[in-house]
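Chains A and B, in that order, give the protein sequences.
The opening residue of the first sequence carries number 81 in this note's numbering; numbering runs sequentially from there.
The opening residue of the second sequence carries number 10 in this note's numbering; numbering runs sequentially from there.
Where is the CB? At the ideal position from N, CA and C, for every residue including glycine.
Source: prediction; values computed, not measured.
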Amino acid sequence: MNLDSKIPEGPLSEKWTNYKASQKLVNPANKRKIDIIVVGTGLAGASAAASLGALGFNVDIFCIQDSPRRAHSIAAQGGINAAKNYQNDGDSVERLFRDTIKGGDYRAREANVYRLAEVSGNIIDQCVAQGVPFARDYGGLLDNRSFGGAQVSRTFYARGQTGQQLLLGAYGALSREIARGSVHLHERREMMELVIVDGRARGIIARNLVTGALERYAAHAVVVATGGYGNVYYLSTNAMNSNGSAAWICHKKGAAFANPCYVQIHPTCIPVHGDYQSKLTLMSESLRNDGRIWVPKKKEDAEAIRAHKLKPTDIAEEDRDYYLERRYPAFGNLVPRDVASRAAKERCDAGYGVGSTGLAVYLDFADAIQRLGRDVVEQKYGNLFQMYQKIVDTDPYEEPMMIYPAVHYTMGGLWVDYELQTTIPGLFAAGEANFSDHGANRLGASALMQGLADGYFVLPYTMQNYLADQIYEGKISPDAPEFEQAEQAVRQRVNSLFDVGRHTSAPHSVDHFHKALGKIMWEYVGMARSAESLNTAMERVKELEKQFWNEVYIPGTADEFNPDLEKGYRLADYFELARLIITDAQHREESCGGHFRIEHQTEDGETLRDDENFMYVAAWEYQGYDKPETMTKEPLDYEHIKIAKRNYK
Amino acid sequence: MNFTLHIWRQENAQAKGRFETYHVENITAECSFLEMLDILNEQLVNDRIAHPVCFDNDCREGICGMCGLYINGRPHGNDDGITTCQLHMRRFNDGDEIWIEPWRAKPFPVIRDLVVDRTAFDKIIQAGGYISTTTGGVPDANTIPIPKHIADQAMDAAACIGCGACVAACKNASAMLFVGAKVSHLNLLPQGRVEALDRVRNMVIKMDELGFGSCTNTYACEAECPKQIKRQNIARMNRQWIGQMFGRDRRK
Numbered sequence: 081m082n083l084d085s086k087i088p089e090g091p092l093s094e095k096w097t098n099y100k101a102s103q104k105l106v107n108p109a110n111k112r113k114i115d116i117i118v119v120g121t122g123l124a125g126a127s128a129a130a131s132l133g134a135l136g137f138n139v140d141i142f143c144i145q146d147s148p149r150r151a152h153s154i155a156a157q158g159g160i161n162a163a164k165n166y167q168n169d170g171d172s173v174e175r176l177f178r179d180t181i182k183g184g185d186y187r188a189r190e191a192n193v194y195r196l197a198e199v200s201g202n203i204i205d206q207c208v209a210q211g212v213p214f215a216r217d218y219g220g221l222l223d224n225r226s227f228g229g230a231q232v233s234r235t236f237y238a239r240g241q242t243g244q245q246l247l248l249g250a251y252g253a254l255s256r257e258i259a260r261g262s263v264h265l266h267e268r269r270e271m272m273e274l275v276i277v278d279g280r281a282r283g284i285i286a287r288n289l290v291t292g293a294l295e296r297y298a299a300h301a302v303v304v305a306t307g308g309y310g311n312v313y314y315l316s317t318n319a320m321n322s323n324g325s326a327a328w329i330c331h332k333k334g335a336a337f338a339n340p341c342y343v344q345i346h347p348t349c350i351p352v353h354g355d356y357q358s359k360l361t362l363m364s365e366s367l368r369n370d371g372r373i374w375v376p377k378k379k380e381d382a383e384a385i386r387a388h389k390l391k392p393t394d395i396a397e398e399d400r401d402y403y404l405e406r407r408y409p410a411f412g413n414l415v416p417r418d419v420a421s422r423a424a425k426e427r428c429d430a431g432y433g434v435g436s437t438g439l440a441v442y443l444d445f446a447d448a449i450q451r452l453g454r455d456v457v458e459q460k461y462g463n464l465f466q467m468y469q470k471i472v473d474t475d476p477y478e479e480p481m482m483i484y485p486a487v488h489y490t491m492g493g494l495w496v497d498y499e500l501q502t503t504i505p506g507l508f509a510a511g512e513a514n515f516s517d518h519g520a521n522r523l524g525a526s527a528l529m530q531g532l533a534d535g536y537f538v539l540p541y542t543m544q545n546y547l548a549d550q551i552y553e554g555k556i557s558p559d560a561p562e563f564e565q566a567e568q569a570v571r572q573r574v575n576s577l578f579d580v581g582r583h584t585s586a587p588h589s590v591d592h593f594h595k596a597l598g599k600i601m602w603e604y605v606g607m608a609r610s611a612e613s614l615n616t617a618m619e620r621v622k623e624l625e626k627q628f629w630n631e632v633y634i635p636g637t638a639d640e641f642n643p644d645l646e647k648g649y650r651l652a653d654y655f656e657l658a659r660l661i662i663t664d665a666q667h668r669e670e671s672c673g674g675h676f677r678i679e680h681q682t683e684d685g686e687t688l689r690d691d692e693n694f695m696y697v698a699a700w701e702y703q704g705y706d707k708p709e710t711m712t713k714e715p716l717d718y719e720h721i722k723i724a725k726r727n728y729k
Numbered sequence: 010m011n012f013t014l015h016i017w018r019q020e021n022a023q024a025k026g027r028f029e030t031y032h033v034e035n036i037t038a039e040c041s042f043l044e045m046l047d048i049l050n051e052q053l054v055n056d057r058i059a060h061p062v063c064f065d066n067d068c069r070e071g072i073c074g075m076c077g078l079y080i081n082g083r084p085h086g087n088d089d090g091i092t093t094c095q096l097h098m099r100r101f102n103d104g105d106e107i108w109i110e111p112w113r114a115k116p117f118p119v120i121r122d123l124v125v126d127r128t129a130f131d132k133i134i135q136a137g138g139y140i141s142t143t144t145g146g147v148p149d150a151n152t153i154p155i156p157k158h159i160a161d162q163a164m165d166a167a168a169c170i171g172c173g174a175c176v177a178a179c180k181n182a183s184a185m186l187f188v189g190a191k192v193s194h195l196n197l198l199p200q201g202r203v204e205a206l207d208r209v210r211n212m213v214i215k216m217d218e219l220g221f222g223s224c225t226n227t228y229a230c231e232a233e234c235p236k237q238i239k240r241q242n243i244a245r246m247n248r249q250w251i252g253q254m255f256g257r258d259r260r261k
């Protein structure tokens, strides 16, 4: 496969300007004749559809929920980064760019990341104009806070619900375009197939989740903005309906999938408590601004806490091990997520974990409450504290929170070039669904930034470069034989799931298999991976997948509202995706960012990269069900940045 | 803990609904209400007794607004300031009978069982629940300072998650709290003032057109709102509604 990343010529800081100056555009009269499909209404999808609609294109947008406002972007709590330097603390586009590259452990493309940093400021301007109620200081100007992996305060926030407010801004812009008639909304619809005509993405088959009907939509280009695949682990901070199927469907149709093994495990989540548990709740990274992470210094104290004989408040100051501050004095509690997660695992594995399972560490606000007063802490984090209390039933103002890492975000995704176009012409991928900007680890508050950058400021430009040639095509017809074939394929796929249940003697629910898959992935492909664990994972996933196709029982029919069926076809894709994650993790014999191979670590347990052999993007190409995928390397050439050991000490 | 559940079952919008009774056993106190329903559904699938109970849910951390059940006569159940997914079984006693219904409001027709169609809310937003900006060409974010107390009030109103509990709680199925919150959020901000009067007019007219009822000031909406949106937002909207009738801005 030929991977052309289409990086524009010129010095790094001028590439985007040069691109925009020389790209092709579509004139206003022709925009009306161009149809675009956007799948997903999160930050990336909603902002792209609103911007493209405002430019004059005809946009059809799809979401699986009942309203665009439900997309999982809403759950982002802490904030959004931007290189505004409002705090006069030394921030700049260059610094945000460097922090992001370093945070990603030197596995992201320079030109994309630089562009992201460049447009970050415009995002904040745009959101304020839309009425996003960012936090302000007493002078009425915008407030900032710090996030992991940065030594400046560049994170803008709206209490603990920044994602919600940013999405409502984008949803507002989208609603305006819907009212104007430039965007057509299709809610409770799921993309089931990508339709390719003459080698170009020309439409989708969508399933109406209320009636079960299959519907055809044709367009000149398709944007997939359907988020990540973290739910392959079953327990994650993702929403229940977040899934990897749209991206996987594109992959099966020929779009390369890049770096699937880069999965982010977030350090501060509420620990697991029981087998029936359906999801893990994140406690925002912003809490690490004021919260201090610790475990007891003495094993016997940890044991006593686990046995409920001691309370955390009984442990004297000198008997507490603030292990992040101890190991990483320069960044302290604000080290990047992968570093903080591994450090928590290390302490728990060594026997110092707390909580009844021993798989938890403390996040303590006693100091902050003493220093700032309860009122200030409440104002900053009130809703997070309330959320914690409702779930755990202890008061975090009185007793430290208990936290443990959980799957949160996937840096891997559909391979895209500088224009965010996949290897299928006319198919674009935005937001978490693509792989482009975060390398092997994403910094906190950068997902919102990337989603909105892609949708507001990148796709509306780069898509025109593609669409300029499409004005001669005329209307794309959904009656073409390719649409018919695609629809048949979907029907067959859905029926095959029901067939299993009809013939099996030992039926199991979809959730039964999903939980089992999640356990395998977390155990063997989680925070620490080895050649051995990955081999075990592969064997067990294959075994489970076989069992799934012999025993899964899906109630009801395809022609009705049927959530179990939705879960079923998504899980079928997750099995294949899980195998690709494992394959990618097996091949990458180094440790970088979220991918930690225990064979490759420094003496003090830090990641050990192998830049000589692995400084590339691994782009995988589908070869058919159960056939090994082929991998093409896109080398990462760092022209601007000096490669260094990632050091947060 | 063991529970007896009376759950509203309805195959689709046209079908006639009814209550069905189920039993769940050995539920722990840490289990969330929706996880308890997951356990029931697992039982129903394994025993092939009935189609699993359909209910909307997504983030399961109280922010997406997707879930919404009427539990023992209260939207989102017997606790304050939470969504259904944040309700835990520790709020119940062993042996309790629990009645579970969908939102009951004409503008929210039932899709299946406990799932309702809330697209009416989207239509209200499309009528004016936004500030008309197109991408690009906006001033620097710090050009217009906004007093902190105004920004905070706007944020309080903007915290609405659009779950529909206010409508479900209201005997008239009024959407005044939802609309009032959006009007307040945007009209309080300098950026939203340009279109303030049109916004309140268009959103209120759309709300009425979609069949939501009138407000009779019982404030059940405020009591049941998972984000504790204040009724002052309704008052602010009403003031602005009167203001727009006279064609000038009365907001002070």
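For Met363(A), there are no C-beta contacts with chain B under 7 Å, since the nearest C-beta of that chain is about 10 Å from it. Beyond the five residues adjoining it in sequence on each side, Ala184(B) comes within less than 6 Å, by CB distance, of Val176, Met216 and Phe221 in the same chain, given in chain order. In the assembly as shown, Gly431(A) is an exposed residue. Its beta-carbon has fewer than 16 other beta-carbons within 10 Å. Only those residues of the segment 197 to 218 of chain A whose C-beta falls short of 9 Å from the nearest C-beta of chain B are listed: Gly201, Asn202, Ile204, Asp205, Gln206, Cys207, Val208, Ala209, Gln210, Gly211, Val212, Pro213, Phe214, Ala215, Arg216, Asp217 and Tyr218. Here Pro409(A) has Lys729 as same chain residues with Cβ atoms under 8 Å from its own Cβ, once five neighbours each way along the sequence are excluded. When Cβ pairs closer than 8 Å are counted between the two stretches, the segment 386 to 405 of chain A is seen not to touch the segment 449 to 462 of chain A, the count staying below three. Cα atoms of Val304(A) and Lys332(A): separation of roughly 14 Å, rounded to the nearest angstrom. Per DSSP, Pro118(B) lies in no beta strand (DSSP E) and is assigned neither H nor E.
For Pro84(B), not one C-beta of chain A is nearer than 8 Å to its own C-beta. When the Cα atoms are used, Ile662(A) and Phe187(B) turn out to be separated by approximately 46 Å. Taking a C-beta distance under 8 Å as the contact criterion, Ala215(A) and Ala250(A) do not qualify as a contact pair. A residue is called buried when at least 16 other Cβ atoms come within 10 angstroms of its Cβ; Pro643(A) meets this threshold and is buried. Relative to Phe28(B), the option among Trp108(B), Cys40(B) and Gly201(B) whose CA is nearest is Trp108(B). For Thr437(A), same chain residues with a beta-carbon under 6 Å away, outside a window of 5 residues either side, do not exist. Neighbours of Gln23(B) across chain A, judged by C-beta separation under 8 Å, do not exist; the nearest C-beta is about 12 Å away. With three or more CB-CB distances shorter than 8 Å, the segment 364 to 383 of chain A counts as touching the segment 439 to 450 of chain A. Bounds of the beta strand (DSSP E) holding Leu507(A) are Leu507 to Ala509.
Following the DSSP letters along the chain, one finds Val538(A) in no alpha helix (DSSP H), marked with neither H nor E. By the neighbour-count definition (other C-beta atoms within 10 Å, threshold 16), Asp418(A) is a buried residue. Within the segment 230 to 241 of chain B, no residue has a Cβ lying closer than 8 Å to any Cβ of chain A.
For Tyr99(A), there is no enclosing beta strand (DSSP E); the enclosing alpha helix (DSSP H) has its first and last residue at Lys95 to Ser102. Look at the segment 266 to 291 of chain A: the residues with a C-beta under 7 Å from a C-beta of chain B are Glu267 and Val290. The C-beta of Tyr166(A) comes closer than 8 Å to at least one C-beta of chain B. Proximity of Lys470(A) to chain B, defined by a Cβ-Cβ separation below 8 Å, is satisfied. In terms of beta-carbon proximity, Gly71(B) lines the interface with chain A, with at least one pair separated by less than 8 Å. Contact with chain A is absent for Thr93(B), since none of that chain's Cβ atoms lies less than 8 Å from the residue's Cβ. Nearest in C-alpha terms to Asp355(A), of all of Lys599(A), Val697(A) and Asn82(A), is Lys599(A). If you draw a straight line from the Cα of Gln466(A) to the Cα of Gln245(A), it comes to about 19 Å.
With respect to chain B, the C-beta atom of Met711(A) has no partner C-beta closer than 8 Å. Rounded to whole angstroms, the Cβ separation of Met164(B) and Lys191(B) is 13 Å, and the two are not in contact under 8 Å. By the beta-carbon neighbour count (other beta carbons within 10 angstroms, threshold 16), Phe255(B) is exposed. Close to Pro148(B), with beta-carbon spacing below 8 Å, are these residues of chain A in chain order: Asp205 and Ala209. With a contact defined as Cβ atoms closer than 8 Å, Ala327(A) and Leu500(A) miss out at about 13 Å. In the structure shown, Asp179(A) falls within a helical segment according to DSSP collapsed to helix, strand and coil. Using a CB distance below 7 Å, the part of the segment 525 to 541 of chain A facing chain B consists of Tyr536 and Pro540, ordered along the chain. Counting only Cβ-Cβ distances below 8 Å, Cys40(B) has contacts in chain A at Gly354 and Tyr356, in chain order.
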